[in-house]
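Asker: In terms of the UniProt record's numbering, the numbers along the sequence shown are unbroken and rise by one, the last being 204. Even for Gly, the Cβ is constructed at its ideal location relative to N, Cα and C. Model, not experiment: these values are computed from the prediction.
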Amino acid sequence: MMERKAPIRRAVTQDLAAIATVHLAAYSTSHFTSRLSSNALMRYYELFLDGGSEALVFEASADERRGEIVGFAVFGTGIAEKIAKFKKENWGAISRAAAQHPMQASSKLIRRLMARSTKSNAPPPADHLLLSIAVCRPRRGIGGHLLDAALSQSREAGADRMGLYVNVDNIGAINRYGSRGFAVRALHGSQFYMEKQLVANNED
């Protein structure tokens, strides 16, 4: 169960603009999705509000701006299919962002090609994936609270493990997830696939 002190709730459609704002503040300009428009990001995250996946939002506490969304987490099943759906339906917006920011687009293409070269030898990922945890301003513990909530919700949904992908050069994130029980299972191009067991294996 989620901690009472953590003001976390399930995201709804009315939160999409705030989620897009947090995304743009949290992701560096080296991340291609930071170059997408707010409207495109709203369409992106709308896909994850239901249908096996969900988004959680973290609201500011009473001593700040109560109700302001300062972080979010996206996780669940069908993540890859929803990303593919977004790319297909928003190719125009993606192409415009790529044309305006060719360096980031080229880097993304290289990573995709590298992933294809290693994917065939990798074990299948978990059904439940953690797509992202983002916090708009550095605040101690918010990311951890969101991760705890995502893990708890996934257990309640019957997941026995959760996976995620992280860039190999993102040492800070690798260490943080490692400290929370995630272990590197495979290399997908320029990303590690990490996984955490949510339910203890019962072995005789």
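So, is A26 buried or exposed, given that buried needs 16 or more other C-beta atoms within 10 angstroms?
Answerer: Classification of A26: buried, given that the 10 Å Cβ count is 16 or more.
Asker: Any idea if Q14 is buried or exposed, counting beta-carbon neighbours within 10 angstroms, 16 or more meaning buried?
Answerer: Looking at its Cβ environment, which holds fewer than 16 other Cβ atoms inside 10 Å, Q14 is exposed.
Asker: Under a three-way DSSP split, which group does M114 fall into?
Answerer: For M114, the pLDDT reaches just 44, beneath the cut-off of 50, and the residue's location in the model is therefore unreliable, leaving the point undetermined.
Asker: Would you mind sorting S117 into buried or exposed? The rule is 16 or more other CB atoms within 10 Å of its CB.
Answerer: Bear in mind that a pLDDT of 47 at S117, under 50, signals an unreliable position, so the number given afterwards is only what the model happens to contain. So S117 ends up on the exposed side.
Asker: So which of T33, P125, R140 has the shortest CA-CA distance to G71?
Answerer: For the residues T33, P125, R140, the minimum Cα distance to G71 belongs to R140.
Asker: So what does DSSP say about V22, is it helix, strand or coil?
Answerer: It is helical.
Asker: For the region 184-202 against the region 91-98, are there 3 or more C-beta pairs whose distance is under 8 Å?
Answerer: No, they do not touch.
Asker: What's the call for S10, buried or exposed, on a 16-neighbour Cβ count within 10 Å?
Answerer: Correcting the residue type first, residue 10 is Arg in the shown sequence and not Ser. Counting Cβ neighbours within 10 Å, R10 comes out exposed, since fewer than 16 surround it.
Asker: So residue 207 and A73 are in contact, right, with Cβ under 8 Å, and what is the actual spacing, rounded?
Answerer: Since the first and last residues shown for the chain are 1 and 204, residue 207 lies out of range.
Asker: If you count every other CB in all the chains shown that lies within 10 Å of the CB of A55, and 16 or more means buried, which is it?
Answerer: The residue in question, A55, is buried, as its Cβ has 16 or more Cβ neighbours within 10 Å.
Asker: By how many angstroms is the C-alpha of R180 removed from the C-alpha of G52?
Answerer: Those two C-alpha atoms are separated by around 24 Å.
Asker: Tell me the DSSP secondary structure of E54 in three-state form.
Answerer: Three-state result, E54: strand.
Asker: T77: which of G67, L49, N167 sits nearest, CA to CA?
Answerer: Of G67, L49, N167, the residue nearest in Cα terms is L49.
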